[in-house]
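Reviewing the structure listed below.
Numbering (my numbering), first residue to last: 290 to 513.
Printed below as a string of structure tokens:
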């Protein structure tokens, strides 16, 4: 097995071996944390989106980075479960996904929001780097770009395996109790067929939680 995989919690590996739409709602309430030289930040996941695979796969997803096949950018989404996929978007934000399914069967869960439950001061300093005003506690990890910034995750962490111990340097996932009240919608900002909420009701959020980001449908594409 790849380094860092054998000692992971069997329940984590079992969950992440499933297709992303099954994994995503079970991640609500789980704790995702990072540990490094600056310290440790942990957040309770409150909002997740599921993403599938290429057009010729058993779970085709036109809203996923993987839809047109494996590339240098998205190769981590084709890795073994228990790794992370980090990408850079809009020229300013990083976003982190937990990779799902066996090697070669692409899929992942985008962490869209969470409640910072440990390391609030470190998360606040990281968030303040791009702002002139203070960030409210409920907004420290509200939105995928803020999740990655609060956790200190960048492209340097892409393809990193999850760690077995939350005190070990790296990224750790600890499952929690299943959340009972879950809001299910189409994915935020996904346009085209992948934004169809009937075919892809793949955004899951803890109902009523103040850390959840506002749902926004994709803006209609302007004709040329």
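Positions of the beta carbon are idealized from the N, C-alpha and C atoms, including for glycine.
On a predicted model such as this, the values are computed, not experimentally measured, just so you know.
The residue among 375, 471 and 460 with its C-alpha nearest the C-alpha of residue 331 is 460. Leaving aside the five residues that flank residue 456 on each side, the residues in its chain whose CB is nearer than 8 Å to its CB run, in chain order, 324 and 329. Excluding its 5 nearest sequence neighbours in each direction, residue 482 has C-beta neighbours in its own chain below 6 Å: 351, listed in chain order.
A direct Cα-to-Cα measurement between residue 468 and residue 310 gives close to 15 Å. The beta carbons of residue 400 and residue 388 sit no closer together than 7 Å. Between the alpha carbons of residue 356 and residue 394 lies a gap of roughly 12 Å. By the criterion of a C-beta distance shorter than 8 Å, residue 327 is surrounded in its chain by 411 and 441, once the five residues flanking it on both sides are discounted. With a contact defined as Cβ atoms closer than 8 Å, residue 418 and residue 430 miss out at about 15 Å. Secondary structure remark: continuous alpha helix (DSSP H) runs of at least 4 residues inside the segment 311-344: none found. Residue 363 carries a coil assignment under DSSP once its states are collapsed to helix, strand and coil. By the Cβ-count criterion, residue 450 is buried, with 16 or more other Cβ atoms from all chains shown falling within 10 Å of its own Cβ. Relative to residue 437, the option among 484, 416, 466 and 488 whose CA is nearest is 416. DSSP places residue 397 within a strand segment (E or B) once states are collapsed to three. Within 10 angstroms of the beta-carbon of residue 421 lie fewer than 16 other beta-carbons, which makes it exposed. Within its own chain, the residues whose Cβ lies closer than 6 Å to the Cβ of residue 406, once the five positions on either side in sequence are excluded, are 331 and 333, listed in chain order. A Cβ-Cβ separation of about 5 Å places residue 337 in contact with residue 316 under the 8 Å criterion. Closest in alpha carbon position to residue 305, among 362, 349, 373 and 502, is 373. The alpha-carbon of residue 488 is positioned some 27 Å away from that of residue 302. Taken in chain order, the complete beta strand (DSSP E) segments of 3 or more residues contained in the segment 392-446 are 397-407. Using a 10 angstroms sphere on the CB of residue 297, the tally of other CB atoms reaches 16 or more, which defines it as buried. According to the DSSP assignment, residue 494 belongs to the beta strand (DSSP E) that extends over 492-495.
Closest in C-alpha terms to residue 377, from the list 434, 501 and 358, comes 434.
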